[in-house]
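To start, the structure under review is shown below, and the notes come after it.
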Amino acid sequence: MKSNKIKYLGCFVGATKPDFMLGMVKTVVDYGATSFMFYSGPPQSFRRTPTDQFKLDLAKAYLAKHNLGDLGDNYVVHAPYLINLANGDSTKRERSFNFFLDELKRTNELGAKYFVLHPGSALNVKDKTQALDHLATELNRAISMTKDTIICLETMADKGQQICSKFEELRYVIDQISDKSRIGVCFDTCHVHDAGYDLAKTQELIDHFDQVIGLKYLYVIHLNDSKNPMGARKDRHANIGYGKIGFENLLNFIYHKEICNKIIILETPWIDDPIRGEVPLYKEEIEMIRKKKFVEGLVNEES
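For the sequence shown, the UniProt record's numbering assigns the number 303 to the last residue and increments by one with no breaks.
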């Protein structure tokens with residue numbers, strides 16, 4: 001299983017001024033990554049910088065210079081957290097929809113193929129089914145008004161009133177989407193673990209996903225360990241190998257023949273370094289994954 005090769009392995013990077021995408025791809029190259037994910041603006045804000053300031057052409061040229069031209073459009077934009085298309089309050093849902101629609105258009109302008117969306121929470125509804133119906137309706141509306149971008153619904157941890165923590169709920173939404181070429185799934189390992197699925201049973205879990213949803217809908221993996229026991233419904237990410245899922249279980253999953261060809265994105269916590277301040281461990285984690293060897297002592301496990 002681990003003889004398989006991972007093509008697209010990357011991490012979250014920040015879209016910061018003044019270089020935006022050029023700065024992002026420079027970071028990607030430094031980390032030894034082959035893909036990346038970013039927010040097109042602050043995830044907790046409606047403020048946005050016009051996409052023509054993102055230096056997309058310079059970023060593409062930089063990738064080609066470093067032999068990453070085949071990355072193409074295989075990078076990911078993550079939706080802001082303010083969007084809840086499942087809200088039963090029609091005024092709030094419409095505001096979410098307008099922001100969502102704008103983000104989809106921005107994603108297309110920025111050349112990304114995939115847009116990861118938290119499905120939302122069952123607020124102001126009689127039950128989760130009604131929330132799922134609202135989500136499907138708004139997805140169909142947005143898809144009819146945009147082009148190309150594949151919306152990947154993220155598996156959630158079942159925290160609070162979250163929807164789509166169960167594979168069956170994702171399937172329920174997908175079944176209602178008119179243009180199924182525009183819908184997919186982002187599989188978050190921490191969220192799935194916290195929702196009660198066992199990543200130690202790799203083949204069984206992948207088979208279950210395929211039977212319920214279909215592997216053809218799986219495009220993106222969010223690779224995270226978890227600080228919580230399985231089924232905790234809490235959603236607290238841990239660095240790879242420093243959580244309750246474990247390094248070997250995560251490796252067995254991402255090197256599986258049905259998973260290794262997907263876009264795999266690290267979203268693990270940053271650490272406090274006495275010299276550099278708060279920094280990510282993405283470079284070290286990517287190296288661990290490539291070498292298939294866990295490195296101890298990178299994280300203070302008491303924190």
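Ideal placement from N, C-alpha and C gives every residue a C-beta, glycine not left out. Keep in mind the model is a prediction, meaning the values are calculated, not measured.
- Per the Cβ contact rule, the region 30-48 is not in contact with the region 291-298 (fewer than 3 Cβ pairs under 8 angstroms).
- Comparing alpha-carbon positions, the option among G72, C11 and H78 lying closest to G41 turns out to be H78.
- By the CB criterion at 8 angstroms, H237 and C190 fall inside the cutoff.
- Exposure of N67 is indicated by the presence of fewer than 16 other C-beta atoms within 10 angstroms of its C-beta.
- The alpha-carbon of R276 is positioned some 22 angstroms away from that of D19.
- Counting C-beta pairs closer than 8 angstroms gives three or more between the region 189-206 and the region 235-254, which meets the contact rule.
- Here S181 carries a helix assignment [DSSP, helix/strand/coil].
- By the Cβ neighbour-count rule, K227 is buried, with 16 or more other Cβ atoms within 10 Å of its own.
- If you draw a straight line from the Cα of Q161 to the Cα of A122, it comes to about 5 angstroms.
- Bounds of the alpha helix (DSSP H) holding F100 are S90 to E109.
- Beta-bridge analysis with DSSP links D273 to G277.
- Only residues of its own chain outside the window of five on either side were considered, and among them V25, G69 and L71 have a CB closer than 7 angstroms to the CB of L63, listed in chain order.
- Judged by their CB atoms, L135 and I163 are nearer to each other than the 8 angstroms cut-off.
- If you draw a straight line from the Cα of T27 to the Cα of E103, it comes to about 23 angstroms.
- The continuous stretches of beta strand (DSSP E) do not include M156, and DSSP gives it neither H nor E.
- Beta-bridge pairing by DSSP links F38 to V77.
- Across the structure, K55 and K159 are spaced so that their CA atoms are roughly 37 angstroms apart.
- Judged by their CB atoms, L22 and A59 are nearer to each other than the 8 angstroms cut-off.
- Of all C-beta pairs linking the region 265-285 to the region 208-216, fewer than three are shorter than 8 angstroms, placing the two stretches out of contact.
- Across the structure, T16 and P274 are spaced so that their CA atoms are roughly 24 angstroms apart.
- Here the C-alpha atom of I271 lies approximately 21 angstroms from the C-alpha atom of R290.
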